[in-house]
Amino acid sequence: MLGSVYALVAVAFTFTIGILNFLNFSIPGIFMVTGMATWAMLKAGVALPIVVVLGLALGAALSFLVERFIFRASTHSDHYVPLVGSMAFLILFENLVLIRWGSDLQRLELPFADTSMRIAGLVIGIPQVIGLLLAVGAVWALAAIMRRTRLGRGLRTIAENPETATLLGVRVGRVVPTVFIIGGVFTALAGLLFAVNYQQVSPFMGEEVALKGISAMVIGGMGNIWGAILGGLVIGVVETAAITWFGARAVDIGVYGLLLLILFFRPTGLLGGHAGERA
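Going by this note's numbering, the first residue of the sequence shown is number 75, and it counts up by one from there.
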């Protein structure tokens, strides 16, 4: 089930939107690059723990580049300039990967990827359970940072009003890169989990996952990181149910049909009207 991957991507989107009011279109590119890098490193025989550390560092570094060259450079520009700039980074990432590895679907065989356990008659993949636990644990850690640390208080103040944050002594120029780095780490973790769990990657894998991640963000509730997790898991369940009952062709109908229903009956999202951990 891709629910944990969608959830992590949704958290990356909603965290950046919630703090900076910025829809970062480079996220699917970072997801794809870290997934491809994971495949390349594992294929080269690099140990998995080292791959994880390097993958997370790569995601953070790429996201920091977007902040440095797009968001920071266009602070005083029209609101659409950083949006278009982040799309340019997405295209750049895709084309760099195409030049390096080509457009073919790349496969990876891992001995532990197909391990499973049976619970109440259901066969559940152990790597997918680990992925879900990692996603929930990462969001719990982020929620704790937002609630209990000086950095979190600064981020919440910036989300309310950047000018007020400056008057209160928050160094906005130093705190904003942290938003991108955190988003990059969540995106990279999603790319790592995708590559390890599903053992196949391609230069175009980020686009569909990004659409599902944005849908998860909307379904769960904009700006609510626990809502992003819930939205991702809901989409994962809907996809599994659609495949089981109607076949693979019904997956997108089920997911985007649910999105339309949520927008019509509860436009704030499932957790949008509840008190929760908001970015």
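For every residue, glycine included, the Cβ atom is placed at its ideal position computed from N, Cα and C.
Just so you know, these numbers come straight off a predicted model, no measurement behind them.
{"Query": "Helix, strand or coil for R222, going by three-state DSSP, please let me know.", "Result": "helix"}
{"Query": "Round the Cβ separation of V253 and T90 to the nearest angstrom and send it over; I've been treating them as touching at under 8 Å.", "Result": "6 Å"}
{"Query": "From this set, N271, R146, L166, G257, which residue's C-alpha is nearest L206's C-alpha?", "Result": "N271"}
{"Query": "On the criterion of 16 or more Cβ atoms from any shown chain inside 10 Å, does H348 qualify as buried, or is it exposed?", "Result": "Low confidence applies to H348: its pLDDT is 43, below 50, so where it sits in the model is not reliable enough to give any reading."}
{"Query": "Could you tell me if A235 is buried or exposed, where buried requires 16 or more neighbouring beta carbons within 10 angstroms of its beta carbon?", "Result": "The sequence given here has Asn at residue 235, not Ala. Label assigned to N235: exposed."}
{"Query": "What are the complete alpha helix (DSSP H) segments, minimum 4 residues, inside the stretch 232 to 274?", "Result": "236 to 241, 246 to 272"}
{"Query": "When DSSP builds the beta bridges, which residues end up paired with R340?", "Result": "DSSP, once it has assigned bridges, lists no residue as partnering R340."}
{"Query": "Checking 8 Å against the spacing of the C-beta atoms, do G295 and G346 come in under that value?", "Result": "yes"}
{"Query": "Determine, using beta carbons only, whether L307 and A81 come nearer to each other than 8 Å.", "Result": "yes"}
{"Query": "Going by DSSP in three states, G346 sits in which element: helix, strand or coil?", "Result": "coil"}
{"Query": "Compare the C-alpha of E141 against each of S289, F339, M161 and name the closest.", "Result": "M161"}
{"Query": "Q374 bridges to which residues according to DSSP?", "Result": "Look at the range of the chain in this structure, 75 to 353, and you will see that residue 374 is not part of it."}
{"Query": "Give the secondary structure of N169 by DSSP, where H, G and I count as helix, E and B as strand, and everything else as coil.", "Result": "helix"}
{"Query": "How do the stretch 142 to 157 and the stretch 90 to 104 stand: do at least 3 beta-carbon pairs fall below 8 Å, yes or no?", "Result": "yes"}
{"Query": "For S177, is the classification buried or exposed, using 16 other Cβ atoms within 10 angstroms of its Cβ as the cut-off for buried?", "Result": "exposed"}
{"Query": "With DSSP collapsed to three states, give me the class of G287.", "Result": "helix"}
{"Query": "Just to confirm the assignment, what range does the alpha helix (DSSP H) spanning V308 have?", "Result": "299 to 320"}
{"Query": "Should V85 be labelled buried (16 or more other beta-carbon atoms within 10 Å of its own) or exposed?", "Result": "buried"}
{"Query": "With C-beta atoms as the reference, is V249 less than 8 Å away from L229?", "Result": "yes"}
{"Query": "Do you know offhand how far S289's Cα is from L94's?", "Result": "19 Å"}
{"Query": "Kindly confirm or deny that the stretch 325 to 336 and the stretch 299 to 313 touch, where touching means at least three C-beta pairs closer than 8 Å.", "Result": "yes"}
{"Query": "Using CA atoms only, rank isn't needed, just tell me which of Q273, G305, L333 is closest to R181.", "Result": "Q273"}
{"Query": "When DSSP labels each residue in this structure, what does A121 get in the three-state scheme?", "Result": "coil"}
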